[in-house]
Structure formats: structure tokens, C-alpha cells
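This note's numbering numbers the first residue of the sequence shown as 650 and each following residue consecutively.
Backbone N, C-alpha and C fix where the C-beta goes; we use that ideal spot for every residue, glycine too.
Notes follow once the structure below has been shown.
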Amino acid sequence: MAWFVTNLTENYTENAEFDLQYSRPPDSLLFNGASKKNIKVRLRTSGFQFLLFGFRNKQVHLSLSSLKQKGTKYYIPPSVYKNQIENQLPKSISILDMDRDTLFFDFRKLYKREIPITANVKLNLEPHYLIDGTLRLEPSKLTVIGPKHEIDSLQFIETESLVVPQLKMDFNKKLALRLPKNLKHTRYSHKETTVSVQVFKFSEKLIEVPVQVINVPEGTLVRTFPDRVSVICKARLEDLKNISVTNFLVVVDYAEIKEGRDNILQLKLLKKPDHLNVVELKENEVEFILKRE
């Protein structure tokens with residue numbers, strides 16, 4: 650036992666082989682492979698250290714952040730990766746010799762795009778409640794980085810599905826994004842987004858608006874039945890107080906009259922206040938008669 654312990658305290662040289670693990674490639678490049686997967690080294694240390702070292706996983710990590718480029722070729726010279734390997738070994742182990750091959754790397758260029766996020770959300774409002782504005786997403790877009798043929802297939806990214814029943818108050822919730830699993834080399838700037846919406850209790854007002862006929866040729870008179878129609882307005886009570894018939898324009902278009910058709914024309918709402926949440930015609934069409942002068 651004493652002889653064995655004494656021998657372990659002496660220095661030895663030994664051959665070893667390290668598996669190379671590559672990390673930290675440039676953001677604009679996709680790592681496809683390297684000219685070497687392992688490297689042979691000759692080490693010197695004490696017998697004790699060799700005994701311990703022999704039970705370890707002989708892997709070393711090489712950072713591709715130290716890449717050099719010449720033309721279209723990417724490489725790391727031996728002096729650079731030797732330093733990286735030495736920094737991962739115990740201080741009591743020194744490298745006497747190693748492969749002197751320059752490491753060459755194969756990369757694929759990566760591209761970047763901004764993709765809109767769409768909300769797969771259904772909001773079921775309580776009666777007499779409306780959404781103020783629109784459903785908001787934060788972020789509303791995400792950045793994707795990947796090979797051109799992968800990211801060009803993306804038109805939008807959808808959230809996970811959500812149904813909200815009986816909504817009558819402001820709503821805010823984080824939702825995961827449905828990131829495509831088949832795009833193996835594509836990276837995404839976000840994995841979730843926040844969905845929010847403001848809700849309020851609305852009031853309703855009915856405005857009687859005269860129907861105007863446009864594009865009437867000279868010498869022709871067109872009368873509609875009825876000659877006034879109802880416009881339904883839904884908004885906050887304070888937003889409804891000051892609206893009047895002058896804020897609206899409802900028309901039918903003479904140019905849409907066709908021979909052999911019933912005397913019916915579609916109503917169009919051409920003017921309305923922008924600040925109202927809902928504005929819609931109670932009727933969609935009117936009858937008419939023609940009189941030529």
C-alpha cells in the first residue's frame with residue numbers, strides 16, 4: 650500500500666482523447682458541423698490526479714465566439730482552442746502536446762423577421778357590455794431567427810386558445826404562443842404575450858336619419874320608402890349626449906339599380922362619429938320608385 654501511494658505522488662505523462670462540444674455560435678449563423686469531433690492530447694500530472702481524472706467525462710467545450718473568418722471559411726487556430734482546453738483542466742494537469750490541426754466549421758446563414766401575433770381568444774360579453782377599443786397584445790409581434798426556408802413559411806404566430814365567459818370587467822392574462830415544433834432551427838424572441846381588453850357598460854340611442862340618393866342622372870327623380878331610417882348607436886352615456894342627425898349620412902346608390910330586379914336598394918352608412926363604439930343601421934335596404942321628368 651505504501652509503495653502504491655508513493656507511486657501515485659510521482660508525475661506521469663499519459664495520452665487522452667477529449668470529445669469536443671461546441672457552443673456560442675454567432676447569432677447570424679447556424680452551426681452545421683466541425684472538421685473534428687475529438688482531439689488527442691498528451692497530459693502530465695501526478696498519479697493521484699490521473700486516477701481522479703480517469704473517472705471524469707472527458708469532454709471539453711469550445712466557444713465559437715472566438716471564430717475567425719477568411720473569405721467564406723470559418724476556423725479556430727490551434728493556439729486559441731488550446732488555451733480554451735487548458736482553462737477547463739485542473740491547474741495540476743498540463744498539456745505537453747496535442748493535435749495541431751486548425752478546426753474548420755460549417756455554418757448556414759440565419760435570417761431575421763418580425764412576425765405578427767394573433768389572439769386565439771373568444772370573449773363572451775355580458776348583456777349591455779362592450780369592448781372599449783380593441784383587444785390588445787403586448788408584445789404584438791415577435792422576432793424569429795432561422796434558416797430562410799423555415800421563417801419564410803411563417804405568416805403569423807397564434808396564441809393558445811382561450812374562451813372567456815360572461816365578461817363584464819377589464820381583462821388581462823398572459824397566454825403562451827403556439828410556436829411551430831417542426832421548425833427545428835428557428836429561434837423566437839418571445840414564448841408568451843399578454844392579452845388585455847377594457848370593458849364598459851353601454852347605453853343605446855336611436856337616431857332617425859334621412860336617406861339620400863346619390864348618382865341620380867339629370868331628369869330623374871328617386872323616392873325611397875321609407876325616406877328615413879334608424880341608426881343604432883351604442884357607447885358610454887356621455888358620448889351619446891351630443892350626437893345628432895347631422896353626424897350621420899345614409900345613402901342609396903342609383904348606379905346599383907339593375908333591370909329586372911325588385912325595386913330595392915342597399916343602404917350605406919357613409920358618415921358616422923368615430924368615437925362611438927357601435928354604429929349600425931337598423932334596416933339594410935329600402936324600396937324605391939322612379940319618376941322621370
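Quick one: using the 10 Å Cβ neighbour count with 16 as the cut-off for buried, is ILE806 buried or exposed?
Indexing the sequence shown from 1 puts residue 806 at position 157. Label assigned to ILE806: buried.
Between the C-alpha atoms of VAL927 and ASN864, what's the straight-line distance to the nearest angstrom?
As a working mapping, residue 927 is identified with position 278 in the sequence shown. As a working mapping, residue 864 is identified with position 215 in the sequence shown. So the two alpha carbons sit approximately 28 Å from each other.
Assign SER677 to one of three DSSP states: helix, strand, or coil.
Translated into positions along the sequence shown, residue 677 becomes position 28. SER677 falls in the coil class under three-state DSSP.
Start and end residues, beta strand (DSSP E) containing ASN773
As a working note, residue 773 is residue 124 in the sequence shown. Residue range 770 to 774 is occupied by the beta strand (DSSP E) that includes ASN773.
In whole angstroms, what is the alpha-carbon distance linking PRO595 and PRO776?
As shown, the chain starts at 650 and ends at 942. That puts residue 595 outside it, with no answer to give.
Please state the DSSP three-state secondary structure of ASP748.
Indexing the sequence shown from 1 puts residue 748 at position 99. Annotated three-state conformation of ASP748 is coil, per DSSP.
May I ask which residues mark the beginning and end of the beta strand (DSSP E) holding HIS710?
As a first step, residue 710 must be located in the sequence shown, where it is residue number 61. That run of the beta strand (DSSP E) goes 708 to 712.
Going by Cα to Cα distance, which pick from ARG885, GLU787, LYS731, SER810 is closest to LYS854?
Here residue 854 refers to the residue found at position 205 of the sequence shown. Ranking ARG885, GLU787, LYS731, SER810 by Cα distance to LYS854 puts ARG885 first.
Buried or exposed for PHE704, please, with buried defined as at least 16 other CB atoms from any protein chain shown within 10 angstroms of its CB.
Residue 704 sits at position 55 when you count from the first residue of the sequence shown. Here PHE704 scores only 42 on pLDDT, less than 50, and its place in the model should not be relied on; the value that follows carries that caveat. Exposed, by the Cβ-count rule.
So the candidates are GLU867, ALA904, ILE892, LEU914; which of them puts its Cα closest to the Cα of PHE947?
Any question about residue 947 goes unanswered here, given that the chain covers just 650 to 942.
When the Cα of LEU679 is compared with those of LYS917, LYS931, TYR760, ASP748, which residue comes out closest?
Residue numbering aside, residue 679 sits at position 30 when the sequence shown is read from its first letter. The shortest Cα separation from LEU679 among LYS917, LYS931, TYR760, ASP748 belongs to TYR760.
With distances taken between CB atoms, is the gap from VAL900 to LEU919 smaller than 8 Å?
One-based indexing of the sequence shown puts residue 900 at position 251. One-based indexing of the sequence shown puts residue 919 at position 270. The Cβ atoms of VAL900 and LEU919 lie closer than 8 Å to each other.
To the nearest angstrom, report how far apart LEU939 and VAL860 are at their CA atoms.
Translated into the one-based positions of the sequence shown, residue 939 becomes position 290. Translated into the one-based positions of the sequence shown, residue 860 becomes position 211. One C-alpha to the other measures close to 15 Å.
With DSSP as the reference, please indicate the residues paired to SER958 in a beta bridge.
Outside the shown range of the chain (650 to 942) lies residue 958, about which nothing can therefore be said.
With DSSP run on the structure shown, which of helix, strand or coil describes THR592?
Residue 592 falls outside the range modelled here, since the chain spans only 650 to 942, and no answer is possible.
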